[in-house]
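Chains as they are written, first to last, in my numbering: chain A, 15 to 240; chain B, 229 to 522; chain C, 100 to 315; chain D, 6 to 648. Following: one structure in structure tokens, then a few remarks.
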Amino acid sequence: MSKGARAGLVLVAFAAAIGLILFGIFGYLRTSPPVVSAVPAATQPNTVNVTMQVDGAVGVGPHPTWVGYWIQGANGQYKQTTLFTVPVNTYVHVKLYEYDSGGALRNPYWGKEIGTVGNAITVNGQSVSLVNSYAGNGVAHNFDVPGLGVNVALPGVNGEAKNFCEVGPCNPSEAHNLIEFTFYSGKTVHNYRWQCFIPCGLGYLNGNGGPMQSIGYMAGFVEVVK
Amino acid sequence: MALKTEDSGSPAAIARKHGSRIVAIWFILSLITDLVVWFVWGPHMPPGTMTTSAAGQQFDFKVLTVMSVPVLYMVWVYGAYVIVKFRDRGDHEDGYYMKGNRKTQALWYAVTAVLVLTLAGFGTYELVIPAGAGVGEGPSPIWKPADTTHMLQVQVIAQQWRFTYRWPQFGGMETTSLVLPVNTEIQFNVTSLDVIHDFWAYQLGVKADANPEVNNVAYTKTQQTGRFVVRCDELCGIWHGAMYNYGKVVSQSAFYQWATSMETQNAPLTKLLPKYSSVYVPNDNVAGGQYFNG
Amino acid sequence: MASNVDERPVIDEEAYYHDASLGATWTASRTAVAMVATLYGGLAFAFFYLQSLNSNGQWNPNHMTASTIIGTTIMVLIVAAAFVNYFGARRLRRGLVVDWQVAGAFAALFVIVAGGLQIWELTRLPFQPSSFGYASVFVAFGPVNALAILLTGYGLETEVMKSVKIKKKAIADGGLGLSSLPIAEQFRANLDGISFFLNSFAVITVVFYVIFYVVA
Amino acid sequence: MAIDMSQSTGVGQSGGAGGSTAVRWFARGNIVSATILGAGGWFFGHWWGNVIAGHYASVQNSGTNDVSWLLGAIFATVAWFIGLGALNHPIAKLWGGEAPMPEKKDKYSLWEYFSYSTDHKVVGIQYLFAMLLYFFVGGLLALGIRTELLSPTYHIWGPDTYIEIVGEHGTMMMMMMTSVIMGPFGNFLIPLMIGSKRMAFPRLEAVSFWFTVPAFFFLLSALWQGGFQSGWTGYAPLSIQGGVGQDAYLFSFSLMAMSMLAASTNMVATIINFRAPGMRWSRLSILTWGMITTAFTMILSVPVLIDGLYVMGMDRAAQTSMLYGQHGGSPFLWENLFWFFGHPEVYLLALPGFAMTTEILPVFARKPIFAFKTSVAGMIGVATLSFFVWQHHLFASGMNPDMRPLFMLSTELISIPTGFLYLVGMGTVWRGRLRFNVPMLFMLAVFFNFLWGGITGVYNSDVPVDALVHGSFFVMAHFHFTIMGQLMFAVFGAIYYYTPLLFGIKLSEKLGKIHFWTMFVFFNSTFLPLFIVGWLGQPRRVFEYAARLQTLNQWVSISAYGLGLSLAFFVVTFIWQLVVTRPKSEPNPWDSRGLEWQVGIPVPKDNFERIPVILSSPYEYGNPNAGPMADLTPSISSVGSDV
């Protein structure tokens, strides 16, 4: 092979290697679920509404059997994600349709509603400030944002219910708890992580694998923006 | 082989000539640096002196640094001297033929052995006397503080991915915040509900792995008020990097005020908690925890 | 270098590398024993460590073991294989090749049967893998042991087949047991290696028999 | 037994029958046939695993099936080796036969390097390129980590992806780099250095290389299977909790363990038995000493790693419960098994680096190795002590607090034999005539870098200070200085030093110096600040950190890019010179006395025309009475006195 041909070959090989690296980064490692932005209405500054649902099985994507959240976007469409942004210095009204059955917390402490306005939430219209996960339908999930000091225990629905939602996305005709609460987004711009404390990663040791450790299922970010 | 004229003489004389220069430079640099390390830098070294164990760690770090400086300089000064002095002068000659030197080797073995044994002895003393130096000593600690009567018991419960704290002397309440009284012996009982975490209260100089079903005890004594950070220091999954919170060391009266008010405030919650115990074994066969098929 | 093709007598390279490879066989068999002993040592550590911790009292609450009858049979078969092979190899050194071939074949058979039994034992355990500590360690030990036994059996079997294949070549020189032909010496070095491994493995087997069926 | 004990000479048996060359290649076994069969094996094992375990509740709930993943991987690996033809010999032995061993050639086509070859020189070169590939992939992942750490709050990667990258980087480096010297240089050079025409077990040698390829791909595959959340240390129960990426971790690490065992068995048997006449232990090159010490350490520590990984695999797939508590296990079991291997393992990385440094230093100092016996004793001492220090990784774990003074002592004792490296190095350059060629610069840098690593090692071993720095970036900086600063600098120095021998090409001094100085400066600029970062309280493997540490972290990240560019510069210039410009080298460009340099370039197919007779040590520089190291065309008489 001539020197020129060898040089060409080497250059092609380098280009291919760089292409492969870029594909790995942008085609795979940098992918992330969609982000839903909550924007205040003109009439109500400093308040935004966020509507979410949490399903026992998201029903779509690479892990359809995993539990996970759906968040309503601006056009009313639910997106399967756990990423949303809220403005700074704002009260965030969360309307959460909870379709999953509940169970016992590993640490019953997380049955306490903390950091929401009034340190309470409303479940189907009734005010609740502490959920005993060992009684009734237990706790289905937590919406816990450590950075904002928020912990919301979401009471579960009866898993034996006739219209129990097996596969997401669920709709309000199926058994659910409508949970409403408000939290304050704080004065600083920051990307706050949030998680769940119910061992809902079925089939994983301690229930804390799989969806519990995956963005887009039971782990996410509330980004507080300007 | 052919030596340059200035290097003629017996090997011992040459060694003395170069050696004395190296030793002189080394000694002066080491001395100056060590004084700076001890008096200027030392008092500001992390992690500060908020507790006895933090102060102990600072002291140890300072001592080790003072001992390391001469070792660093020995290699650097020697290396620089050799690179300048003993380089190939373009004639492609070989070096001085020598396969060893019994005296030098014996001296080296002796010095390193003495240094290492001293350090091991020093480390052991610094570990045993300050009640384990703030490190987790497992369920049955062997090095304890002298006075255990007024000790504050704090249970650290690590779970994926937050720390909570239980206070057996305050009705077994559980909190997410960590507030400590100043000038108090504290016993941390560190445990986990799931995987291995590590309770690292940086300014307190306390570090103990949180193992599931194991009580890992660490002691310290607070001596200054202030804020400190608690971080998880053992990889525990997705939120390991975000598993931290802040705590405060406050005056004793402020602490009691905080603790008693928390106790009343949390009373309904405390009733739901399992009885206080050194370890907790959550049932894996309920809720979503099932892992076993059998 | 290349110009140096005069007729000077040089080192007998074939003999040199023949000796070296005999040595390499010796070394490799010792290395293999070291590796297998360390591998089993790790499992023994797991056994004794979990036994001493006895977390939640779940080491072996009901003092169950895997089938002692099968376990004993496995142990006896391996020890028997080691003995049969040992005496067979001694007779080989006296020139009685067929004696060793029969002994080696039986030893291989014993070992392979023992491996089969070890697998069979795993299919009829009185506990689930997750039942308790001992159960877990045994479930982990079983496949390793079966694999090691079967590989030992493989070594013996290949050695027997080798002897069948090359026997004729050494007949004129006193047979495989006595011949000084390189091929025979290599064969005997291999046999030594395999015998050493088998004997060591028999010791390991006895130790692990004690661990899993007596200590437990 | 798994060990291939036959010594086939393969005389008169040329590999493969007639037919077209394509068919012959395929019959010989190569990367293509192996990949095709391996893929088939994967699908078969995966399918079978689904049949076995598909109905398990845990599998249906989690949607991931560890049984089918592991079975797929096992079948893929076996099929891979069938495709390579590596199993022809063991199968032929079942009826007393032998598979033919292809004859060595003077010159190989490029394709031979993608085939299953039993020529130690081919294996050495295969290893060299493979190890460089693994190293650079690991390095790119490191840049991924540093990119995330540019900001304490803004996230480039998701936190789950970040942990995947961290674990992948750590495992790639810690497991693959165990062979970065033994693989390329050990395999290529050891027969040359001991005066042998061959290795003891060429097939084991070839197999040891071909284990690393599936190990690499399985490990990398974890990235698109959710990764493993538990980092390279794989602490249970987190590792039991993870998804199938964790299976990739344990399986590929096991394959690499097999590779190490195969390579070290071959190494030990070769060095002990295949030395040329007159090659006394005192005349053995220091690299050979390093290889045999490393090999023995591998033989006694790697099986414990296999135990640990196997236990993890059983816990994950067969639902045993050895590594978590409720059913009678304990996470401490993994910590012990892992670190009982894990601490010798860091010396498996460091020892070859020491050996390579000491090997190259005297050539450029133009002096014998100072206190040769001490340097050998140092390596053996480090290797021996490394088995008695593993709990120093567990000072904060809460296990065996009463043993801490003992482990503190044993750990600090290691600095005595480690210090021998400095005694030897410093003695060797004393009154030398130092030639500052590129390899020498790398060797001197080893001493500079390792000093930081060694001294901070004493900090880590002191329990009260360890209470501060354990699990922090301080420890991370420490082992990057000992491994990257020591081992990888030695490797790059060795590449510059040995390319004339390996390829007949002498790399440009000028480009080499640019590479060296940028790498040296950026390496130190990357890792020195990390000591401070850790000391100021930043734990390892975090994606968020204190805002006050941002400046330091940004400094480090930018330096890391510089380091990356420097290494990219190496890759480009190395490949360019190797493939395009090809600057020819003279036979012994460094005036080395070493036996490996006396055989000429390129190395003849049998290394030596005749078995050489060794007359003196390879390091007699400056000795006016020293004859050549060996008689390469000996007659019987010159042997007599010495054997």
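Just so it is clear, CB atoms sit at the ideal spot from N, CA and C, and this is done for glycine as well.
In the three-state DSSP reduction, D:I419 falls in the coil class, being neither helix nor strand. Put simply, the CB of A:N156 is far from chain B, with every gap to its CB atoms at 8 Å or more. If you check each beta-carbon in the stretch 459-481 of chain D against every beta-carbon of chain B, the ones closer than 8 Å belong to I460, V463, Y464, S466, D467, V468, P469, V470, D471, A472, L473, H475, G476, S477.
When the alpha-carbon of A:C214 is set against those of A:S115, A:G22, A:N185, A:K93, the nearest one is in A:S115. Straight through space, the alpha carbons of D:Q131 and D:G144 are spaced by roughly 20 Å. For A:K126, the chain B residues whose Cβ falls inside 7 Å of its Cβ are L497, in order along the chain. A Cβ of chain A is located within less than 8 Å of the beta carbon of D:H160. In this model, D:M179 and D:G347 are separated by some 10 Å (Cα to Cα).
A Cβ of chain C is located within less than 8 Å of the beta carbon of D:M319. Per the DSSP secondary-structure output, A:S51 pairs in a beta bridge with A:T99. Short of 7 Å from the beta carbon of C:I173, and not among the five residues preceding or following it, lie these beta carbons of its own chain, in chain order: A213, L216, Q217. Contact residues of the stretch 119-147 of chain A toward chain B are R120, N121, P122, Y123, G125, K126, L144, N146 (C-beta to C-beta distance below 7 Å).
Close partners of D:L145 in chain A (Cβ separation under 8 Å): I35. Using a 10 angstroms sphere on the CB of A:M15, the tally of other CB atoms stays under 16, which defines it as exposed. Annotation for C:L121: E284, Q285, A288 place their beta carbon closer than 8 Å to its own, counting only its chain and skipping 5 residues before and after.
At least 8 Å separates the CB of B:R455 from every CB of chain A.
The C-alpha of B:D375 lies about 19 Å from the C-alpha of B:P367. Judged by DSSP secondary structure, A:M66 falls within the beta strand (DSSP E) whose first and last residues are 61-69. Leaving aside the five residues that flank D:N70 on each side, the residues in its chain whose CB is nearer than 7 Å to its CB run, in chain order, G54, N55, A58, G59, V64. By the beta-carbon neighbour count (other beta carbons within 10 angstroms, threshold 16), A:I212 is buried. Only I370 from the stretch 370-385 of chain B bring a Cβ to less than 7 Å from some Cβ of chain D.
In the DSSP assignment, A:V108 falls within the unbroken beta strand (DSSP E) covering 105-112. Cα atoms of A:S46 and D:W100: separation of roughly 57 Å, rounded to the nearest angstrom. Residues are counted here when their Cβ sits less than 8 Å from a Cβ of chain D; for the stretch 411-442 of chain B these are V418, D422, V423, I424, D426, W428, Y430, G433, V434, K435, A436, D437, N439, P440, E441, V442, given in chain order. For D:G188, no CB of chain A lies under 8 Å from its own CB, so it is not counted at the interface with that chain.
Closest by C-alpha distance to C:E256, out of C:I303, C:A202, C:L280, is C:A202. DSSP places C:H162 in no alpha helix (DSSP H); its state is neither H nor E. Counting of Cβ neighbours within 10 angstroms places A:Y111 among the buried residues, the total reaching 16 or more.
Counting only Cβ-Cβ distances below 9 Å, A:I229 has contacts in chain D at G163, P164, D165, T166, in chain order. About 6 Å separates the beta carbon of C:S235 from that of D:G334, a gap short enough to meet the 8 Å contact definition. Secondary structure note for B:L432: it is in no alpha helix (DSSP H), with a DSSP letter that is neither H nor E.
Here D:T217 is buried. Its C-beta has 16 or more other C-beta atoms within 10 Å. Beyond the five residues adjoining it in sequence on each side, A:N63 comes within less than 6 Å, by CB distance, of H107 in the same chain, given in chain order. Within chain A, not a single residue places a beta-carbon under 7 Å from that of B:I256; the smallest gap is close to 51 Å. The beta strand (DSSP E) runs lying completely inside the stretch 313-398 of chain B and spanning 3 residues or more are 380-387, 390-395, given in chain order. Per DSSP, D:E625 is not a residue of any beta strand (DSSP E), being assigned neither H nor E.
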